[in-house]
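2 protein chains.
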Amino acid sequence: MKPVTLKQIAEILDISVTTVSKALKDYPDVSKKTKGLVRDLAQTLNYKPNEFAVNLRTKESKTIGLIIPEIVHHFFSSVIKGIINQAEKKGYLVIILQSNESYDLEKKQLKLLLNKRVDGILISIANGTADFNHLEEVLRDGKPLVMFDKIAKVVNCSKVIIDDRKAAYNATQHLIDTGCKRIAHFRGPLLPQNSIDRFLGYKKALLDNNIEYDSSLVYICECGDKSFEEGKLNAKKVLEDHSDVDGIFINTDMVAIGAITAFKDLGVKIPEDISIVGFSNWFMSSAITPTLTTINQPGYEMGKKAFKQLYKELKTLKKEKHIIPKIIELETNLVERNTTKPILKN
Amino acid sequence: MKPVTLKQIAEILDISVTTVSKALKDYPDVSKKTKGLVRDLAQTLNYKPNEFAVNLRTKESKTIGLIIPEIVHHFFSSVIKGIINQAEKKGYLVIILQSNESYDLEKKQLKLLLNKRVDGILISIANGTADFNHLEEVLRDGKPLVMFDKIAKVVNCSKVIIDDRKAAYNATQHLIDTGCKRIAHFRGPLLPQNSIDRFLGYKKALLDNNIEYDSSLVYICECGDKSFEEGKLNAKKVLEDHSDVDGIFINTDMVAIGAITAFKDLGVKIPEDISIVGFSNWFMSSAITPTLTTINQPGYEMGKKAFKQLYKELKTLKKEKHIIPKIIELETNLVERNTTKPILKN
Chain A
1 MKPVTLKQIA EILDISVTTV SKALKDYPDV SKKTKGLVRD LAQTLNYKPN EFAVNLRTKE
61 SKTIGLIIPE IVHHFFSSVI KGIINQAEKK GYLVIILQSN ESYDLEKKQL KLLLNKRVDG
121 ILISIANGTA DFNHLEEVLR DGKPLVMFDK IAKVVNCSKV IIDDRKAAYN ATQHLIDTGC
181 KRIAHFRGPL LPQNSIDRFL GYKKALLDNN IEYDSSLVYI CECGDKSFEE GKLNAKKVLE
241 DHSDVDGIFI NTDMVAIGAI TAFKDLGVKI PEDISIVGFS NWFMSSAITP TLTTINQPGY
301 EMGKKAFKQL YKELKTLKKE KHIIPKIIEL ETNLVERNTT KPILKN
Chain B
1 MKPVTLKQIA EILDISVTTV SKALKDYPDV SKKTKGLVRD LAQTLNYKPN EFAVNLRTKE
61 SKTIGLIIPE IVHHFFSSVI KGIINQAEKK GYLVIILQSN ESYDLEKKQL KLLLNKRVDG
121 ILISIANGTA DFNHLEEVLR DGKPLVMFDK IAKVVNCSKV IIDDRKAAYN ATQHLIDTGC
181 KRIAHFRGPL LPQNSIDRFL GYKKALLDNN IEYDSSLVYI CECGDKSFEE GKLNAKKVLE
241 DHSDVDGIFI NTDMVAIGAI TAFKDLGVKI PEDISIVGFS NWFMSSAITP TLTTINQPGY
301 EMGKKAFKQL YKELKTLKKE KHIIPKIIEL ETNLVERNTT KPILKN
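Residue numbers (full-length UniProt numbering), protein chains in the order written: chain A, 1 to 346; chain B, 1 to 346.
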């Protein structure tokens with residue numbers, strides 16, 4: 001059955017389309033009797049207001065676009081949940097696209113969303129993204145854009161982030177405080193800011209504690225959907241390359257859990273031989289043996305805050321005011337578990 | 001900057017809106033010169049075709065709706081990934097809503113999607129859904145509807161499923177084949193079909209092997225975002241209630257991993273004291289200790305097949321033909337790992 005139109009309702013009742021429209025919107029200049037007739041017929045014929053048309057008039061689609069690098073990832077799915085729950089409260093629908101960590105795909109998807117006339121865009125950029133012109137274009141278009149987690153510093157939009165450098169510093173400091181002297185780092189890819197910042201936090205903690213920085217102790221992970229395997233692989237490599245390593249700060253929990261699995265298979269004792277600190281506090285961190293010491297990264301909260309900021313900017317635009325980009329920084333904390341030793345007493 | 005319209009382009013060039021529209025669409029009855037002028041100006045002014053308006057005319061939004069019970073769940077996020085990847089290939093965008101396993105929310109969301117005039121709907125129903133009128137309405141509206149994983153048998157639409165009963169039978173049979181005699185079942189909630197079918201498969205395997213069915217050995221899990229905790233809780237309960245249990249077939253891997261964690265804490269040896277078979281083959285199943293024997297449930301494949309079926313139905317509708325609902329059953333298999341003993345030789 002094709003959807004019934006206002007025109008058809010008007011014809012059946014022999015009144016004007018305007019009257020039908022006004023009746024459905026409860027305008028005071030339509031009689032109660034007419035309103036009753038229109039509503040009853042609309043219900044009988046299963047009339048649905050054409051939301052897309054309404055949107056054209058109000059210039060709003062009440063739809064926002066979300067681009068994330070990877071859906072099957074506990075952190076990002078928590079973020080998605082935060083965004084969707086918050087968006088629904090405000091009457092917005094969310095179109096989700098996955099960039100697969102590819103710059104080309106991300107660029108294409110952004111264009112697609114703009115063509116779809118979404119009201120605003122939330123994005124966590126792909127590891128491969130080094131050029132930001134596609135993001136600048138969103139702003140030139142006058143669309144609100146909020147970045148979260150994996151951001152581009154140079155793009156002048158709002159951002160919801162954590163202090164990756166500080167969190168990584170604390171993670172590395174914890175390894176030092178528990179007696180580790182030769183600390184490796186499994187870092188993320190070279191480009192994304194959070195992976196750079198976590199690396200810099202690691203390096204600074206070493207230097208502040210008079211531990212020499214050795215670049216051969218830094219291993220790169222792509223951190224895509226092969227994270228678990230990469231953790232296993234790097235664990236084997238680090239043992240081959242450096243028999244004296246006694247601590248590792250690992251970019252994400254998933255990679256850390258891969259590393260723990262490999263170390264256990266190889267008979268390495270955790271935390272006695274090698275201590276490990278992860279990053280994200282994925283709930284599996286407390287389920288594995290030994291339980292993983294990690295940095296708690298609030299995914300759901302990040303999604304919620306990102307949508308809230310976008311919503312604020314949409315309201316600002318409606319008032320024809322200028323958007324002032326805001327940096328929202330969420331707190332992280334170290335969760336001590338069993339992959340690290342107790343802190344040494346002085 | 002507000003988006004430029006066809007009308008504005010027409011005014012600047014002093015030609016009709018129709019000519020501008022035809023020029024952009026490369027109609028043969030517009031001169032090359034005019035086409036060149038229009039295209040150059042459209043590019044300079046950053047013209048974007050109004051997709052929503054186009055959609056109104058073709059009666060297509062090129063957008064589909066997806067309702068799932070829970071996003072932060074490895075199986076469902078794999079399904080989402082399969083759907084999104086496939087949809088993008090065919091030029092469709094996906095609006096994702098999460099029902100939080102609530103019937104009321106699911107009903108509301110379905111209405112929202114219909115009002116948004118999505119072209120079709122993919123759904124995995126909430127545990128709380130027992131009345132299916134909201135789903136029947138989608139079909140009455142003439143919209144293609146494809147259900148996956150958690151389906152309602154009585155709704156006459158296409159479905160992508162696995163044979164849950166057979167898979168559960170095989171899981172239980174494996175416990176029997178490896179010597180278990182007193183087998184408990186941690187089942188899902190009472191309503192959803194897959195949870196019923198898994199329970200029935202468990203029961204049938206017992207009866208076929210002349211093992212008495214004992215309802216006190218069946219424990220219910222809500223299987224929401226507290227799955228891991230539920231697994232731990234039920235593991236403790238089963239030990240208190242039945243000291244003689246030597247095997248458990250568990251509805252999902254997440255619950256199984258919770259149970260394994262609790263059993264390890266309590267000093268129960270797996271698989272010697274209690275053997276466990278899970279369901280889904282979440283990748284963490286091979287990361288925990290001991291690695292989990294489980295049923296492999298193809299999430300990504302399910303998402304892909306569900307979109308493909310919806311796409312076929314959209315094409316059928318375009319040809320003004322009648323949709324014939326199809327049941328697509330995907331294969332599952334048992335993955336033997338270390339939470340079960342080797343199969344007994346006769």
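Where is the CB? At the ideal position from N, CA and C, for every residue including glycine.
None of these values were measured; they are calculated from a predicted model.
Original post:
Does the beta carbon of A/Thr289 come closer than 9 Å to any beta carbon on chain B?
Top reply: yes
**Asked** Would a check of beta-carbon distances place B/Phe52 closer than 9 Å to chain A?
**Response** With a pLDDT of 46 at B/Phe52, under the threshold of 50, the predicted position of this residue should be treated as unreliable, though the coordinate-derived value follows. Closer than 9 Å to the CB of B/Phe52 there is at least one CB belonging to chain A.
Margin query: Measuring straight from C-alpha to C-alpha, what distance separates A/Ala130 and A/Leu191?
Written below: When rounded, the separation of the alpha-carbon atoms in A/Ala130 and A/Leu191 is 7 Å.
Check: If you measure from the beta carbon of B/Met1 to each beta carbon in chain A, is any gap under 9 Å?
Finding: Model confidence at B/Met1 stands at a pLDDT of 46, short of 50, so the residue's coordinates are unreliable and nothing is read from them.
_To be precise: take each residue of the region 215-234 of chain B, compare its Cβ to all Cβ atoms of chain A, and keep it if any distance is under 7 Å. Which residues remain?_
Phe228
Next on the checklist: Quick check on B/Ser275: buried or exposed, where buried means 16 or more other Cβ atoms within 10 Å of its Cβ?
Outcome noted: buried
Between which two residues does the beta strand (DSSP E) holding A/Glu329 run? Ile327 to Leu330
Excluding the five sequence neighbours on either side, which residues of its own chain have a C-beta within less than 8 Å of the C-beta of A/Glu331, listed in chain order?
Within its own chain, the residues whose Cβ lies closer than 8 Å to the Cβ of A/Glu331, once the five positions on either side in sequence are excluded, are Ile162 and Pro298, listed in chain order.
Checklist entry - So who's on the other strand from B/His185, going by DSSP bridges? => result Note: B/His185 sits in a beta bridge opposite B/Val218 and B/Phe249.
Own chain residues within Cβ distance below 6 Å of B/Phe283, not counting five before or after: Cβ within range, chain order: n/a, list empty.
Residues bridged to A/Lys159 by DSSP? A/Met147 and A/Ile327
Reduced DSSP secondary structure (H/G/I, E/B, other) of B/Phe279 | strand
ask   = Are A/Thr339 and A/Thr293 closer than 9 Å when you measure CB to CB?
value = yes
Thinking B/Ile250 and B/Gly267 are a contact (beta carbons under 8 Å), I'd like their distance in whole angstroms, please.
-> Approximately 20 Å separates the beta-carbon atoms of B/Ile250 and B/Gly267; this is outside 8 Å, ruling out the contact.
Exercise. Leaving aside the five residues before and after B/Ser77 along the sequence, list all residues of the same chain whose C-beta is less than 7 Å from its C-beta, in chain order.
Key: Exclusion of the five residues before and after B/Ser77 leaves Ile71 as the residues of its chain whose Cβ lies within less than 7 Å of its Cβ.
Q) If you draw a straight line from the C-alpha of B/Tyr218 to the C-alpha of B/Asn127, how long is it? A) It should be pointed out that residue 218 of chain B corresponds to Val in this sequence rather than to Tyr. Approximately 18 Å between the Cα atoms of the pair.
- Query: Looking at the structure shown, is B/Thr291 part of a helix, part of a strand, or coil, going by DSSP?
  - Reply: Correct three-state label for B/Thr291: coil.
Query - Neighbour list for residue 352 of chain A in chain B, Cβ cutoff strictly below 9 Å - result: Residue 352 of chain A cannot be examined here, being either before or after the span of chain A that is shown, 1 to 346.
field: Within chain B, the residues that A/Met302 reaches when beta carbons sit closer than 9 Å
entry: Annotation: A/Met302 has no Cβ neighbours in chain B at a cutoff of 9 Å; minimum Cβ distance is about 13 Å.
Handout entry: Where the alpha helix (DSSP H) containing B/Thr178 begins and where it ends
Key = Where B/Thr178 is concerned, there is no enclosing alpha helix (DSSP H), given that its DSSP letter is neither H nor E.
Review point. Three or more beta-carbon pairs under 8 Å between the region 175-183 of chain B and the region 197-213 of chain B, yes or no?
Key: Output reads yes: the region 197-213 of chain B touches the region 175-183 of chain B.
_Members of the region 81-106 of chain B near chain A, C-beta cut-off 8 Å_ = Lys81, Ile84, Asn85, Glu88, Leu93, Val94, Ile95, Ile96, Leu97 and Gln98
In chain B, which residues lie less than 8 Å from A/Lys264 when you measure between Cβ atoms? Thr289
Outcome for A/Asn156 when other beta-carbon atoms lying within 10 angstroms are tallied against a minimum of 16: exposed
Practice task
Following the continuous alpha helix (DSSP H) through A/Leu122, name the residue where it begins and the one where it ends.
Solution key: Premise fails: A/Leu122 lies in the beta strand (DSSP E), Gly120 to Ile123, not in any alpha helix (DSSP H).
(message) Considering only the alpha carbon of each residue, which of A/Gly188, A/Leu206, A/Ala205 and A/Val238 lies closest to A/Gly224?
(response) A/Gly188
ask   = Hey, how far is the Cα of A/Asp149 from the Cα of A/Asp177?
value = 28 Å
Please report the distance separating the alpha-carbon of A/Lys232 from that of A/Ser99.
25 Å
Problem set entry | Counted within 10 angstroms of its Cβ, other Cβ atoms place B/His322 as buried (16 or more) or exposed | exposed
### Query
Can residue 359 of chain A and A/His134 be called in contact, C-beta distance under 9 Å?
The question about residue 359 of chain A has no answer, for chain A in this structure spans 1 to 346.
Between the CA atoms of B/Asp241 and A/Tyr92 - distance to the nearest angstrom = Near 48 Å, if we compare the C-alpha coordinates of B/Asp241 and A/Tyr92.
For my contact list, B/Phe75 and B/Ser227 are in at a C-beta cut-off of 8 Å; report their separation, rounded to the angstrom. Not quite, the Cβ-Cβ distance comes to about 11 Å (not below 8 Å), so this is no contact.
At the 9 Å Cβ level, is A/Gly120 part of the contact set with chain B, yes or no? no
request  = Determine the closest residue to A/Leu206 out of A/Tyr169, A/Asp164, A/Asn234 and A/Arg198, with distance taken between C-alpha atoms.
outcome  = Selection A/Tyr169, A/Asp164, A/Asn234 and A/Arg198 evaluated against A/Leu206 yields A/Tyr169 as nearest (Cα-Cα).
message = DSSP three-state label for B/Asn46, please.
response = coil
For the ligand ADP, is there any heavy atom lying closer than 8 Å to the beta carbon of B/Ile248?
Looking at this structure, you won't find the ligand ADP or any other ligand, since it has none at all.
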